[in-house]
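*Asks:*
Numbering (this note's numbering), first residue to last: 444 to 714.
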């Protein structure tokens, strides 16, 4: 995959830069205010760190999936149909990985950074924890045990995250019947909302049908308030990356406090 994508990486980055530039111009002309300089710089710095982390953890990810693939009695053929099967399986797994990341304190420690953005724009899409790659492959072990090729699993997950880049924008409104099947900017704006009606909704990566099936779907019905319920966190990329872990190990105020038993009710969660 590295050899296939590598030669085109610069063109991919230029394409993303063009999209961000277009969105900035749109925001300026429409006076939408979806970009704030310090937050945008923080987003780009976090993105740079995340890109570096991919080099550190890529071997680990493939090793985990390769090990469990070797344990599987099934060896599915490498063809287009199996890739589609892997892609939809990975999307289903992502839904649960994402949903659990909002309800289990250890995983919320990794995910908090993504919900700390106070503005919805394309650069917020890569506000991702530098260490998330240490836990994400563990959720895809079932796909490897089912005999799906490890590289198919990795590519499916990469495509899933790549698709979500386009979901982080206010420039696209609702998309009619499409909203019933796939994740859209409208659905994902809801996911980033700290409004009570929007909390813990719309976990889907590419498909929104999992949210409809498991009763976590919520349409965009009121203006979205972005960020954590506690408000602004920081523009410091290191604080953004590590704050979730600090909260994770922070002693509960009392043995009966809510945040000691229900991580998603913690003060710095998206609720």
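A virtual CB, placed ideally from N, CA and C, is assigned to each residue, including glycine.
Give every residue of the same chain whose Cβ lies closer than 8 Å to the Cβ of residue 584, excluding the five residues on either side of it in the sequence, and list them in chain order.
*Replies:* Only 507, 508, 511 meet the Cβ criterion.
*Asks:* Going along the chain, which residues of its own chain have a beta-carbon closer than 8 Å to the beta-carbon of residue 453, five neighbours each way excluded?
*Replies:* Around residue 453: no qualifying Cβ.
*Asks:* Buried or exposed for residue 522, going by 16 or more other Cβ atoms inside 10 Å?
*Replies:* exposed
*Asks:* Rounded to a whole number of angstroms, what is the C-alpha to C-alpha distance between residue 688 and residue 629?
*Replies:* 30 Å
*Asks:* Using a threshold of 8 Å, state whether the C-beta atoms of residue 529 and residue 680 are closer than that.
*Replies:* no
*Asks:* With burial defined as no fewer than 16 other Cβ atoms inside 10 Å of the residue's Cβ, what is the status of residue 617: buried or exposed?
*Replies:* exposed
*Asks:* If you draw a straight line from the C-alpha of residue 474 to the C-alpha of residue 672, how long is it?
*Replies:* Note on geometry: alpha-carbon atoms of residue 474 and residue 672 lie some 25 Å from one another.
*Asks:* Drop a sphere of 10 angstroms on the beta-carbon of residue 669, count the other beta-carbons inside from all chains shown, and report buried for 16 or more, exposed for fewer.
*Replies:* buried
*Asks:* Can you list, in chain order, the residues of its chain whose CB lies under 6 Å from that of residue 447, leaving out five sequence neighbours each side?
*Replies:* For residue 447, the pLDDT reaches just 47, beneath the cut-off of 50, and the residue's location in the model is therefore unreliable, although a value from the coordinates is still provided. So no residue of the chain qualifies.
*Asks:* In chain order, which continuous runs of the alpha helix (DSSP H) of length 4 or greater are located wholly inside the segment 618 to 645?
*Replies:* 628 to 634
*Asks:* Could you say which of 554, 536, 527, 516 lies nearest to residue 654 if we only look at CA atoms?
*Replies:* 536
*Asks:* For the segment 447 to 533, list the alpha helix (DSSP H) runs that are entirely contained and at least 4 residues long, ordered along the chain.
*Replies:* 452 to 473, 480 to 514
*Asks:* Need the endpoints of the alpha helix (DSSP H) that residue 579 sits in, please.
*Replies:* 579 to 582
*Asks:* Give the C-beta separation of residue 608 and residue 568 to the nearest angstrom, bearing in mind that I take them to be a contact with Cβ-Cβ under 8 Å.
*Replies:* 4 Å
*Asks:* Would you report the Cα separation of residue 648 and residue 626, rounded to the nearest angstrom?
*Replies:* 6 Å
*Asks:* Excluding the five sequence neighbours on either side, which residues of its own chain have a C-beta within less than 8 Å of the C-beta of residue 544, listed in chain order?
*Replies:* 550, 551, 553, 554
*Asks:* Along the alpha helix (DSSP H) that carries residue 614, what are the first and last residues, could you check?
*Replies:* No residue range can be given for residue 614, since it is assigned to no alpha helix (DSSP H) and is classified by DSSP as neither H nor E.
*Asks:* Give the secondary structure of residue 538 by DSSP, where H, G and I count as helix, E and B as strand, and everything else as coil.
*Replies:* helix
*Asks:* Taking contact to mean 3 or more Cβ pairs, one atom from each stretch, closer than 8 Å, check whether the segment 575 to 593 and the segment 476 to 492 are in contact.
*Replies:* no
*Asks:* Three-state secondary structure (DSSP) at residue 650?
*Replies:* strand
*Asks:* Using the Cβ count rule (16 or more neighbours within 10 Å means buried), how would you classify residue 503?
*Replies:* exposed
*Asks:* According to DSSP, simplified to helix, strand and coil, what is residue 571?
*Replies:* coil
*Asks:* Taking the alpha helix (DSSP H) that residue 687 belongs to, which residues open and close that run?
*Replies:* 680 to 692
*Asks:* Hey, residue 651 and residue 660 are a contact pair by Cβ (cut 8 Å); roughly how many whole angstroms apart?
*Replies:* Between residue 651 and residue 660, the beta carbon gap of about 6 Å places them in contact (Cβ cut-off 8 Å).
*Asks:* Quick check on residue 647 - is its C-beta less than 8 Å from some C-beta in chain C?
*Replies:* Considering every chain present, this structure includes no chain C. It has just one protein chain.
*Asks:* For residue 664, count the other beta carbons within 10 Å of its own beta carbon; 16 or more makes it buried, fewer makes it exposed. Which is it?
*Replies:* exposed
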